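Visitor: Please see the structure below; I have some questions.
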Amino acid sequence: MASLFTPFLVLLRALGSGCGKEKAWDIELMLYAGPDESDALLPRVADAAGETSDNIRLSVEVFSDAGARRRSTRTSAYPAARHRGAITVSSFRSMSDLLDREVYISGSDAFEVRMWDALRGAGVPPSRIKRDGFEY
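Just so you know, the sequence shown maps onto residues -20 to -1, 1 to 116 in mature numbering (1 follows the signal peptide of the UniProt record, and there is no 0).
Structure below.
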């Protein structure tokens, strides 16, 4: 589980430690977890983010086949929500500012292809979609 979103944990840890203070960061972290992983994700994100500084707005969405249909919670200094089911085109379309964002995807090749297709279906241009380039 952790290896699939480790690049994002490293980024959060760096930002939480003060790197990038000259810029405002608006991070919408959308994660998909297997049934045995969903409860472990939020504490790991909270640990990586630490106490977010004023220049970071972090929101976390955890999608899983386990757990509540939609349950919001507050973990550390940021809001978090859990959703039942996979990340889909409609998940992305619910983000009002999606087309203004740079989108980073990470995971297995099959997962990245599904996310690429969903993002393209939601209208995100290819130039705004970044793949992490790691092999899983």
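For every residue, glycine included, the Cβ atom is placed at its ideal position computed from N, Cα and C.
For clarity, every value in this text was computed on a predicted model and none was experimentally measured.
If you drop the 5 nearest sequence neighbours on each side, which residues of the same chain put their C-beta closer than 6 angstroms to that of residue 95?
Guide: In the sequence shown, residue 95 corresponds to position 115, counting from 1. Excluding residues within five positions, the ones whose Cβ falls inside 6 angstroms are 85.
Visitor: Hey, how far is the Cα of residue 6 from the Cα of residue -2?
Guide: By 1-based counting over the sequence shown, the position of residue 6 is 26. By 1-based counting over the sequence shown, the position of residue -2 is 19. Going from the Cα of residue 6 to the Cα of residue -2 covers about 14 angstroms.
Visitor: Report yes if the CB atom of residue 79 is closer than 9 angstroms to the CB atom of residue 101, and no otherwise.
Guide: Mapped onto the sequence shown, residue 79 falls at position 99. Mapped onto the sequence shown, residue 101 falls at position 121. Not in contact: residue 79 and residue 101 (Cβ atoms no closer than 9 angstroms).
Visitor: Can you tell me where the beta strand (DSSP E) holding residue 111 begins and where it ends?
Guide: Counted from its first residue, the sequence shown places residue 111 at position 131. Where residue 111 is concerned, the enclosing beta strand (DSSP E) stretches over 109 to 111.
Visitor: Give me whichever residues DSSP pairs with residue 6 in a beta bridge.
Guide: Here residue 6 refers to the residue found at position 26 when the sequence shown is read from its first residue. Bridge partners of residue 6: 37.
Visitor: Less than 9 angstroms between the beta carbons of residue 65 and residue 34, yes or no?
Guide: Residue 65 sits at position 85 when you count from the first residue of the sequence shown. Residue 34 sits at position 54 when you count from the first residue of the sequence shown. No, these two residues do not count as a Cβ contact at 9 angstroms.
Visitor: Once DSSP output is grouped into helix, strand and coil, what is the label at residue 102?
Guide: The residue given as residue 102 occupies position 122 in the sequence shown. Three-state DSSP puts residue 102 in coil, outside helix and strand.
Visitor: According to DSSP, simplified to helix, strand and coil, what is residue -18?
Guide: In the sequence shown, residue -18 corresponds to position 3, counting from 1. For residue -18, the predicted structure reports a pLDDT of 46, less than 50, and the residue's modelled location is therefore unreliable. A value from the coordinates is still provided. Residue state, collapsed to three classes: helix.
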